[in-house]
Amino acid sequence: MEELTNNEKLPVTVVGGCYNSQFTVSMVPTALEYFLFYFGIYNNMHTFGTVVPECWSWYMVKMPETGSIATIGNTGTGWGWEGEFCTVGAGDGWISSEFFRQYGENGYDILGDNYLQTQTKYISQFRE
């Protein structure tokens, strides 16, 4: 990510996948995960023994003069589909696309309002 060259043109980044925005990671718990797991203790860091100093989303936001102004992603397991259902079925693809639809088509240009409307639409769309 150090090679990004968007130079102060900071987007809102929406990322799918698992644990990209898990903000409870740090060097010590992720380093301990491997050793604790060996003794049958699981500390739920989900880094599989890889030392992770911070989450991907925070790394994007904290990069000086590049990266993103805000990053939205999963703090736990993501829920996605493959193929044609990637953006129409419930899960990461739908809600990520809906976020940008709310901005572009419905004019929600305040981040918190947009995210609230996106979640509200998700709940009404996939209630059952």
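Letter by letter, the sequence shown follows residues 234 to 361 of our numbering.
Ideal Cβ positions, reconstructed from N, Cα and C, are used throughout, including at glycine.
Checklist entry - Any idea if V258 is buried or exposed, counting beta-carbon neighbours within 10 angstroms, 16 or more meaning buried? => result V258 is buried by the Cβ-count criterion.
Checklist entry - Ends of the beta strand (DSSP E) at A303? => result It spans 303-305 - the beta strand (DSSP E) in which A303 sits, taken as one unbroken run.
Checklist entry - With a CB to CB cut of under 7 angstroms and the five nearest residues on each side skipped, what residues in its chain are close to W314? => result Counting only Cβ-Cβ distances below 7 angstroms, and skipping sequence neighbours, we find G322, G324, G326.
Next on the checklist: Between the alpha carbons of R334 and I305, how many angstroms are there, rounded?
Outcome noted: Looking at the two C-alpha atoms, the distance is approximately 15 angstroms.
Next on the checklist: Which same chain residues end up closer than 6 angstroms to V248 when comparing Cβ atoms and leaving out the 5 residues on each side of it in sequence?
Outcome noted: So the list reads G306, once near-sequence residues are dropped.
Checklist entry - Exposed or buried, which one is M234 when buried takes at least 16 other CB atoms within 10 Å? => result The residue in question, M234, is exposed, as its Cβ has fewer than 16 Cβ neighbours within 10 Å.
Checklist entry - Which term fits S357, buried or exposed, when burial requires 16 or more other beta carbons within 10 angstroms of its beta carbon? => result Label assigned to S357: exposed.
Item to check | Cα-Cα separation between Y341 and N347, rounded to whole angstroms | outcome: Spanning the two alpha carbons is a distance of roughly 5 angstroms.
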